[in-house]
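Below: one structure, written as structure tokens.
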Amino acid sequence: MLKLSFERILFILLIFIPISIVMELTHSNPVFIFFTAALAIIPLAGFMGKATEELSKQVGAGLGGLLNATFGNATELIIAIFALQAGLFEVVKASITGGIIGNMLLIVGCSMLFGGLKREKQTFNPQVQGANSTMLALAAVGLIMPALVSHIFDFNTVETLSLGVSFILVITYIFSLLFSLRTHKHLYSCEEDPEECKPKWSKNKAIMVLLLTTAVIAMESEFLVGAVEPVSASLGLTELFIGVIVVAIIGNAAEHSTAILMAIKNKMDLSLGIAIGSSTQIALLIAPVLVFVSYIWGNPMTLVFNQFEVVAIIAAVVIANMICSDGESNWFEGVQLIALYAMMGVVFFLI
Amino acid sequence: MLKLSFERILFILLIFIPISIVMELTHSNPVFIFFTAALAIIPLAGFMGKATEELSKQVGAGLGGLLNATFGNATELIIAIFALQAGLFEVVKASITGGIIGNMLLIVGCSMLFGGLKREKQTFNPQVQGANSTMLALAAVGLIMPALVSHIFDFNTVETLSLGVSFILVITYIFSLLFSLRTHKHLYSCEEDPEECKPKWSKNKAIMVLLLTTAVIAMESEFLVGAVEPVSASLGLTELFIGVIVVAIIGNAAEHSTAILMAIKNKMDLSLGIAIGSSTQIALLIAPVLVFVSYIWGNPMTLVFNQFEVVAIIAAVVIANMICSDGESNWFEGVQLIALYAMMGVVFFLI
Amino acid sequence: MLKLSFERILFILLIFIPISIVMELTHSNPVFIFFTAALAIIPLAGFMGKATEELSKQVGAGLGGLLNATFGNATELIIAIFALQAGLFEVVKASITGGIIGNMLLIVGCSMLFGGLKREKQTFNPQVQGANSTMLALAAVGLIMPALVSHIFDFNTVETLSLGVSFILVITYIFSLLFSLRTHKHLYSCEEDPEECKPKWSKNKAIMVLLLTTAVIAMESEFLVGAVEPVSASLGLTELFIGVIVVAIIGNAAEHSTAILMAIKNKMDLSLGIAIGSSTQIALLIAPVLVFVSYIWGNPMTLVFNQFEVVAIIAAVVIANMICSDGESNWFEGVQLIALYAMMGVVFFLI
Numbered sequence: 076m077l078k079l080s081f082e083r084i085l086f087i088l089l090i091f092i093p094i095s096i097v098m099e100l101t102h103s104n105p106v107f108i109f110f111t112a113a114l115a116i117i118p119l120a121g122f123m124g125k126a127t128e129e130l131s132k133q134v135g136a137g138l139g140g141l142l143n144a145t146f147g148n149a150t151e152l153i154i155a156i157f158a159l160q161a162g163l164f165e166v167v168k169a170s171i172t173g174g175i176i177g178n179m180l181l182i183v184g185c186s187m188l189f190g191g192l193k194r195e196k197q198t199f200n201p202q203v204q205g206a207n208s209t210m211l212a213l214a215a216v217g218l219i220m221p222a223l224v225s226h227i228f229d230f231n232t233v234e235t236l237s238l239g240v241s242f243i244l245v246i247t248y249i250f251s252l253l254f255s256l257r258t259h260k261h262l263y264s265c266e267e268d269p270e271e272c273k274p275k276w277s278k279n280k281a282i283m284v285l286l287l288t289t290a291v292i293a294m295e296s297e298f299l300v301g302a303v304e305p306v307s308a309s310l311g312l313t314e315l316f317i318g319v320i321v322v323a324i325i326g327n328a329a330e331h332s333t334a335i336l337m338a339i340k341n342k343m344d345l346s347l348g349i350a351i352g353s354s355t356q357i358a359l360l361i362a363p364v365l366v367f368v369s370y371i372w373g374n375p376m377t378l379v380f381n382q383f384e385v386v387a388i389i390a391a392v393v394i395a396n397m398i399c400s401d402g403e404s405n406w407f408e409g410v411q412l413i414a415l416y417a418m419m420g421v422v423f424f425l426i
Numbered sequence: 076m077l078k079l080s081f082e083r084i085l086f087i088l089l090i091f092i093p094i095s096i097v098m099e100l101t102h103s104n105p106v107f108i109f110f111t112a113a114l115a116i117i118p119l120a121g122f123m124g125k126a127t128e129e130l131s132k133q134v135g136a137g138l139g140g141l142l143n144a145t146f147g148n149a150t151e152l153i154i155a156i157f158a159l160q161a162g163l164f165e166v167v168k169a170s171i172t173g174g175i176i177g178n179m180l181l182i183v184g185c186s187m188l189f190g191g192l193k194r195e196k197q198t199f200n201p202q203v204q205g206a207n208s209t210m211l212a213l214a215a216v217g218l219i220m221p222a223l224v225s226h227i228f229d230f231n232t233v234e235t236l237s238l239g240v241s242f243i244l245v246i247t248y249i250f251s252l253l254f255s256l257r258t259h260k261h262l263y264s265c266e267e268d269p270e271e272c273k274p275k276w277s278k279n280k281a282i283m284v285l286l287l288t289t290a291v292i293a294m295e296s297e298f299l300v301g302a303v304e305p306v307s308a309s310l311g312l313t314e315l316f317i318g319v320i321v322v323a324i325i326g327n328a329a330e331h332s333t334a335i336l337m338a339i340k341n342k343m344d345l346s347l348g349i350a351i352g353s354s355t356q357i358a359l360l361i362a363p364v365l366v367f368v369s370y371i372w373g374n375p376m377t378l379v380f381n382q383f384e385v386v387a388i389i390a391a392v393v394i395a396n397m398i399c400s401d402g403e404s405n406w407f408e409g410v411q412l413i414a415l416y417a418m419m420g421v422v423f424f425l426i
Numbered sequence: 076m077l078k079l080s081f082e083r084i085l086f087i088l089l090i091f092i093p094i095s096i097v098m099e100l101t102h103s104n105p106v107f108i109f110f111t112a113a114l115a116i117i118p119l120a121g122f123m124g125k126a127t128e129e130l131s132k133q134v135g136a137g138l139g140g141l142l143n144a145t146f147g148n149a150t151e152l153i154i155a156i157f158a159l160q161a162g163l164f165e166v167v168k169a170s171i172t173g174g175i176i177g178n179m180l181l182i183v184g185c186s187m188l189f190g191g192l193k194r195e196k197q198t199f200n201p202q203v204q205g206a207n208s209t210m211l212a213l214a215a216v217g218l219i220m221p222a223l224v225s226h227i228f229d230f231n232t233v234e235t236l237s238l239g240v241s242f243i244l245v246i247t248y249i250f251s252l253l254f255s256l257r258t259h260k261h262l263y264s265c266e267e268d269p270e271e272c273k274p275k276w277s278k279n280k281a282i283m284v285l286l287l288t289t290a291v292i293a294m295e296s297e298f299l300v301g302a303v304e305p306v307s308a309s310l311g312l313t314e315l316f317i318g319v320i321v322v323a324i325i326g327n328a329a330e331h332s333t334a335i336l337m338a339i340k341n342k343m344d345l346s347l348g349i350a351i352g353s354s355t356q357i358a359l360l361i362a363p364v365l366v367f368v369s370y371i372w373g374n375p376m377t378l379v380f381n382q383f384e385v386v387a388i389i390a391a392v393v394i395a396n397m398i399c400s401d402g403e404s405n406w407f408e409g410v411q412l413i414a415l416y417a418m419m420g421v422v423f424f425l426i
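Chains as they are written, first to last, in the numbering used here: chain A, 76 to 426; chain B, 76 to 426; chain C, 76 to 426.
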């Protein structure tokens, strides 16, 4: 019932695809373009996620896991690549920060809050979520390193450092796939509910939806990114705020809803797997890929996050680790994570 | 026997009430006024705590918990409000820092040390103390945020941020009361020893003592605060040192003794509940209330702590979390916390 | 078989003792002197460690533990004292940093990686390793304090602070010996394998080897330290890099190999005890002793680490704590620690 209405909302939101196209073609107010494109991306990302999931069920565990791992944050990557092309480096980096803290604080927080509302406590596998959040802590150290040296080093050294860190992060990510898909895959298997593992779409349908959504997301991302600067000017919001709060939420809205729905159904491992896994992937795969792409394009983006982003990432990682390390959650832990996100929001809004 | 002599010490210290009044009226050396007022506050805070406890036993669990939660750090609040009125913002903020690190390091440290001296180890509920120390970590992030942005923002923005953070902290505190007094109250109940839960004072006596001690503490706080500046000048101590080490200890001396006594009796949950709970309350309730009061008075105090306070708070929170997360303690963990407090003391003394 | 070939390698490396002496006497290229002295120190440190271990088995648990605790990092101490005498303060501090992060990240990482390769997971006593890594976190706070105040304080105050912190660290170290050798020695006993506890060398042999290796290490350290400046100039490496990466590894190479061998044999408590214990000892004993020695010599070295060292130490301590707190490890946790070390390596190389 809940699931059904959730999918229906996604279908209804598809109406924003034609609306955003009309807006773009008629050179409407960029604020309208920005928000209609954003609303259009939400269901597209949702169906892309669904298609990835369906496809991955049909190609064997190994390749399936790889598919999930690679397409998991495809929407964010597409938006970020268009922003990169437009030279909006601050927006790109802010959307990385926003993706990490949004997942670790807002989504994990909402999951623990809504999941814990009518329960004494919820439990999850601390080994799996602990591994994920430790990996994120490692990535956080890597991501903040260039910021720490940017005052003393020249640009070339910071660039080299960004490339070096990115390289190490990607290697670690590859090892993490080896860990979760091969040597310790039993920790991640969906034993609980075999129903969930059965494919519901045909392989061809899944591939078609995947290709189609990717194409439309790319188009909408171009609309969205093109409107960032005028929107930031006319609404008086900084590009940092748009990146951290707005862009980071859009790309993941559907996935986020799934994480919260899973928590309400008391499937905390699935829920945290989505949210923390998404953070980890942004830090260890998306961020490095963006550094590489910008380098290849000859206009290298370094990983120099600003001071607030650095503090936000460290705080999110450390506190989420404290909360996840015992394998138990309750609604108040959710409230705390949301409170931390709200504080970050105030800071990024005021800057 | 031990308890008896402890109460007797409190009674004896009451002698400093008339002494401090005479000192003040005869305009004696401010150093004498400062220390006699300080010594007078110790038993007053002790009896106020006792009265709160007795009253809270007789008004039902919900209201009782609320009373305890609100009056728990009343002495510190009264002292801080007088310091606020006198414009001693650095002393106020230093006493917030001192209250947090004093409880988390010195008091928890002494409890674990003395409690663990003749025992292999002591155990406590990691879920409860974990929740408390996570909440403190959250508050720590909020409290240090304004300091991080103070270099770039103008005063008004920092003030807005301080108000925003204070607001979020108070909301979180209210939710924590809902958690500990309603949805998860069984975690905090005094099941172990029903004897402890029986009232020993009549309701009227408790109310009388509460009103009387509040009034006298207010008077002594005025003496104390009035003497801070001359004392700091004549003893060559900074206001920071006086705030962090001296003021923070006075307001809580009686409560601190209780925490350590409970640890010696192997009631670690009660002991840690007092010490960590007190830290949490200072960070999530007292600090925000002081920001609101100063704002209403038209001379707003921002939450811009200095660099050493920021490091001290972070270090205290992280290390206390490491030590409390396993639900076990031994004397050496106590030594480590005290050693950390001693290092902080050296730094604050040297500044 | 593995053990045998390991000892054989040490014997073969002894050939570098005469080679380095010839190099030094013929005033060869400092790069050759540096590397032959370094290679000569590796087996010497190994045999010194063996001799300490054998001797400690024969003098009773208390004195034996003390011997192990004091001579455990003797090689590093000797090298550092020669560097101190030569005024190479940056190299000394860098070797402290390098010793801490090398043990916590590279050695613990390799142990968890190689030990976990063919195992689902390995387990260890979280109480013991937790105590060790908490102690290290405490020491880390102490070690970074002087760096935090160095911008505002004059040199004398920073010196006083360094002495104060060193004093507190040594006191804590002494209490830690009381804990591990007396009140909680059962946690650290070698119950598992009584074979390991039997002496294999005679007492006289052990004492002879101890004296001899100490003397030769001192000589080789003088060669090594004398060559640091020309080597750093001719290879284009900073003294920081040489200190953090090279010097820190040489002094501990043999001990490190033992830690990894123990992990491969699934004796994780022994393995982590060596690696984390070594870090702890560097932070709480070696660093303070070097501060005291420099002070007595009239040319005081302060504990002002540079920004990268501070971040490296904090990151190493926090992440190693996250990984060690659950009492379980797997190969991927090892990979993560090594990845973190590699990132640090890149930073220190680029500076």
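Heads up, the beta-carbon is just placed ideally off N, CA and C, and yes, glycines get one too.
Item, Value
"Partners in chain C for A/HIS259, counting only beta-carbon separations shorter than 8 Å", "GLU195, ASN405 and PHE407"
"Nonlocal neighbours in the same chain, by C-beta distance under 7 Å from A/GLY402, ignoring five residues either side", "THR198, PHE199, ASN200 and PRO201"
"Buried or exposed by the 16-neighbour rule on C-beta atoms within 10 Å, applied to B/ASP344", "buried"
"Contacts around B/PHE298, its chain only, beta-carbon distance under 7 Å, and the 5 residues preceding and following it disregarded", "SER95, GLU99, ILE108 and ALA112"
"Paired residues, beta bridge with C/GLU69 - DSSP", "Residue 69 of chain C lies beyond the residue range present for chain C, which begins at 76 and ends at 426; the question has no answer from this structure."
"Residue nearest to A/LEU336 in terms of C-alpha spacing, selected from A/MET187, A/THR288, A/MET210 and A/VAL319", "A/MET187"
"Simplified DSSP state of B/PHE86, which is helix, strand or coil", "helix"
"Cβ of A/GLY217 within 8 Å of any chain C Cβ", "yes"
"Status (buried if at least 16 other CB within 10 Å, exposed otherwise) for A/GLU266", "Because the pLDDT of A/GLU266 is 49, which lies under 50, any placement of that residue in the model is unreliable, and the number read from its coordinates should be weighed accordingly. Looking at its Cβ environment, which holds fewer than 16 other Cβ atoms inside 10 Å, A/GLU266 is exposed."
"Any 3 or more C-beta pairs closer than 8 Å across the region 241-250 of chain B and the region 83-95 of chain B", "no"
"Residues near C/THR209 in its chain [Cβ-Cβ closer than 6 Å; skip 5 each side]", "none"
"Beta carbon proximity, C/LEU415 to chain A, threshold 8 Å", "yes"
"Whole-Å CB distance - A/ALA169 paired with A/LEU315, under 8 Å assumed", "5 Å"
"Cut-off 8 Å between Cβ atoms - residues of its own chain near A/LYS132, not counting five sequence neighbours on either side", "GLY139, CYS272, LYS273 and PRO274"
"Under the three-state DSSP convention, the category B/ASN381 falls into", "coil"
"Buried/exposed call for A/ASN231, threshold 16 Cβ in 10 Å", "exposed"
"Short Cβ contact (8 Å threshold) for C/ILE324 with C/GLY177", "yes"
"Beta-carbon contacts of C/PHE423 that lie in its chain and below 7 Å, excluding the five residues immediately before and after", "LEU315, PHE316, VAL319, ILE320 and PHE383"
"Closer than 8 Å to chain A by CB, C/VAL379", "no"
"For A/THR313, the three-state DSSP class (helix, strand or coil)", "coil"
"8 Å Cβ cut-off: residues of chain B touching A/ILE398", "THR209"
"C/GLY217 versus C/ALA293 - alpha carbon distance", "29 Å"
"CA-to-CA distance, C/SER237 to B/ALA391, given in whole angstroms", "20 Å"
"Closest Cα partner of B/LEU117 within the set B/TRP276, B/ALA387, B/ALA158 and B/GLU82", "It should be pointed out that residue 117 of chain B corresponds to Ile in this sequence rather than to Leu. Per the Cα distances, B/GLU82."
"Beta-carbon separation (whole angstroms), B/LYS234 vs B/PRO375, contact threshold 8 Å", "Just to set this straight, residue 234 of chain B is Glu in the shown sequence, not Lys. Going by Cβ atoms, the distance from B/GLU234 to B/PRO375 rounds to 5 Å, so yes, they are a contact pair."
"Within-8 Å CB hit, A/VAL224 to chain C", "yes"
"Reference C/VAL410, options A/ALA161, A/ALA115, A/TRP276 and A/ILE249, closest by Cα", "A/ILE249"
"The region 302-325 of chain A: positions lying closer than 7 Å to chain B by Cβ", "none"
"Nearest candidate by alpha-carbon position, reference C/THR258, set B/GLU408, B/GLY124 and B/LEU365", "B/GLU408"
"Through-space distance from C/GLY352 to C/LEU119, alpha-carbon basis", "20 Å"
"Per-residue DSSP class, three states only, for C/HIS261", "helix"
"B/VAL322 vs B/GLY173 beta-carbon contact at 8 Å", "yes"
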